[in-house]
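Trainee: This structure is in structure tokens; I'll ask about it shortly.
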Amino acid sequence: MKSFILSVFFLSLFSCGKEAVQTVPVEKEIVTVPYDTTAVDSFSVGATSVDVARRIKISSLKYQDSLKKTALKLEEEKLLNEAKEEKEKAENKLAEEKKKLDAEKAKRQKQNAPTENLPSETPNQP
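Just so we're aligned: the sequence shown equals residues -20 to -1, 1 to 106 in mature numbering (1 follows the signal peptide of the UniProt record, and there is no 0).
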């Protein structure tokens, strides 16, 4: 019985030994945390929040000038489109008037044509 217990003890000692575990290196993902400051160090003297920086940008002359330019371009395009539409309306109106005049001329010619083609009342004398 002692031999059985000793053999089980030795077997468990060798079988339960630590094996060298091979570890695969895991690449760490670089996660950037979005900050609400534009300075490198948020505790530095020159740190400004994003909202303040946005207000400064909006109030700058360059930004205001670009807004004015885009507004002028939009207004010019609108005026050009209106002028083009007016021109097309005028052309359509002239075309319709021309068709009406041609139709009236054709009517008059049809009315005048039958009276001219009627034989005269006096027969031709030989």
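Cβ atoms here follow ideal geometry from the backbone N, Cα and C, with glycine treated the same way.
1. Quick check: what's the CA-CA separation for Ser39 versus Ser46?
2. Whole angstroms are fine: how far does the CA of Arg34 sit from the CA of Leu41?
3. Can you tell me where the alpha helix (DSSP H) holding Ser39 begins and where it ends?
4. Would DSSP call Glu68 helix, strand or coil?
5. Assign Thr50 to one of three DSSP states: helix, strand, or coil.
6. So for Glu9, helix, strand or coil by DSSP?
7. Express the C-alpha separation of Ile36 and Val30 in angstroms, rounding to a whole number.
Mentor: Here's the rundown:
1. One-based indexing of the sequence shown puts residue 39 at position 59. One-based indexing of the sequence shown puts residue 46 at position 66. C-alpha separation (whole angstroms): 12 Å.
2. Translated into the one-based positions of the sequence shown, residue 41 becomes position 61. Translated into the one-based positions of the sequence shown, residue 34 becomes position 54. Cα-Cα distance, rounded: 14 Å.
3. Translated into the one-based positions of the sequence shown, residue 39 becomes position 59. Per DSSP, Ser39 belongs to the alpha helix (DSSP H) from Val30 to Ser39.
4. For the purposes of this step, residue 68 is taken as residue 88 along the sequence shown, with counting starting at 1. Reduced to three states, the DSSP call for Glu68 is helix.
5. By 1-based counting over the sequence shown, the position of residue 50 is 70. Helix at Thr50.
6. On the sequence shown, residue 9 is found 29 positions in, with the first residue counted as 1. Coil.
7. Position 50 of the sequence shown, counting from 1, holds the residue named residue 30. Position 56 of the sequence shown, counting from 1, holds the residue named residue 36. Computed Cα separation, rounded: 10 Å.
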